[in-house]
Amino acid sequence: MKTLCSLLLLIIIGNVNALQQPRQQAIVVGSGPVGVATSLILATNHNYDVTLLESSPASSTQTKYDPTKAFLYNVNGRGQRLTKKFPEMHQRMVERSVVSKGFGGTKLTIVPADPGEPIPEQKANVPAAAAAAADNNDGNDDDNGNNNKSMPSGEKAGNVGFWIPRHEMVKLMVEEIEEHNKRGLGGRITLCTGQECVSVVPRTNTDGESVTVVVTTKDASSSQENTNEYNANLVIGADGMNSKVRQCLHYAPPGTWSSNCVKSTKFQPKTYTSPASYLRIKVLQLPPQFEIPDADGKPPLKTFSEDIYAIRSVNTGPRTFLSLGLLPMKDNDAVRPTNIITRPDHGIWKITNGK
């Protein structure tokens with residue numbers, strides 16, 4: 040009995056000491072979906088205090104619509120492994136998105152190229168609807184190939200996805216940061232906007248042994264060279280293909296880092312040729328609820344945000360054919376983005392007057 044009591048006392052003392060120890064510090068550069076998700080996991084599951092650095096100013100953060108990033112996510116089962124770790128965030132995603140499978144409400148309209156041909160009746164809930172609307176968007180079916188057509192809700196269908204605009208996804212994730220900080224459980228996440236990363240270097244601490252990483256930023260919205268320093272035990276670069284964090288590590292002067300810690304050659308991007316190499320992309324913005332002319336004296340078809348549309352072109356050649364795909368989104372008053380993705384010698388890139 041005494042042994043058991045002593046063991047319990049040691050466990051309690053150990054837990055108290057662990058709570059009193061200062062938390063590890065992490066810096067995440069880039070507050071896109073990857074950066075915000077990383078921050079949430081570090082703070083919630085690993086008890087890190089996280090500083091999340093974003094170069095965009097607060098007035099134009101990743102939570103607002105950006106025509107250059109006007110695409111939609113299909114949050115499938117793999118993505119939901121993250122969202123379901125945060126039930127309130129997952130519920131917000133369900134409320135702000137359109138279910139992509141398992142429901143009968145999603146409709147697909149294929150607009151024929153011939154303006155004299157009537158627009159056919161909309162087809163409800165076609166499993167490959169998203170793929171038909173946009174050839175270059177992945178419908179993200181689950182690996183088992185199950186359709187679950189009769190599933191009553193997205194919560195019960197393992198392969199149900201949710202269409203949601205990128206900025207809306209980031210917004211609900213940032214809202215989860217605010218809720219996380221209010222709950223006071225785990226580490227705290229601090230979002231700093233308008234901070235552009237300029238250097239990442241090691242610094243030996245006063246004990247002469249331990250090393251922290253120092254991230255220096257400058258005010259991205261100011262012409263003056265005002266800089267800030269952030270210290271951390273862990274730095275994660277989530278700042279995209281042209282990552283400044285990666286560049287700092289790759290171009291660091293010899294001797295900056297211990298050879299056992301950082302090998303600059305490992306941070307040199309490698310390029311590979313794929314079927315998508317050299318394709319060009321153009322984002323078009325169509326007005327909310329725009330109308331599509333119909334034939335045979337029928338009234339124009341008024342579009343609805345939660346429906347899928349595929350608008351075919353009259354031209355059919357390999358360098359002239361186009362198909363505009365519009366994927367579903369919740370907000371019926373929002374701009375409808377559609378992408379043109381073609382080979383670089385396509386005729387559309389020769390158009391200069393917008394006609």
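Numbering-wise (this note's numbering), the sequence shown opens with residue 40 and increments by one.
Where is the CB? At the ideal position from N, CA and C, for every residue including glycine.
Predicted model only: the values in this text are computed from it and were never measured.
query, result
"Cβ-based neighbour list, N354, same chain, cut-off 6 Å, excluding 5 preceding and 5 following", "F360"
"Complete alpha helix (DSSP H) runs within the segment 90 to 165 (minimum length 4 residues, chain order)", "116 to 122 and 126 to 135"
"Buried versus exposed call for N265 [16 or more other C-beta atoms within 10 Å across all chains shown]", "exposed"
"Host alpha helix (DSSP H) of R285 (start-end)", "K283 to H289"
"Integer-rounded CB distance, given that C236 should sit under 8 Å from L92", "6 Å"
"Span separating the alpha-carbon of R222 from that of I80", "15 Å"
"Nearest candidate by alpha-carbon position, reference A82, set E218, K210, F201 and Y317", "E218"
"Whole-Å CB distance - T381 paired with L363, under 8 Å assumed", "About 12 Å; that fails the 8 Å criterion."
"Pair within 9 Å by beta-carbon distance, V322 and V209", "no"
"Beta-carbon spacing of P357, S344 below 9 Å", "no"
"Bounding residues of the alpha helix (DSSP H) (the contiguous stretch that carries V254)", "Element bounds for V254: not the alpha helix (DSSP H) but the beta strand (DSSP E), V250 to D258."
"Rounded straight-line distance, which links the Cα of N272 to that of I379", "43 Å"
"DSSP state of L325 mapped onto helix, strand, coil", "strand"
"Which of helix, strand or coil DSSP assigns to L361", "coil"
"Between the CA atoms of T243 and K302 - distance to the nearest angstrom", "18 Å"
"Backbone CA spacing between V250 and S136 [nearest angstrom]", "44 Å"
"Sub-9 Å separation of I216 and I228 beta-carbons", "yes"
"Rounded distance between the beta-carbons of K337 and P157, thought under 8 Å", "6 Å"
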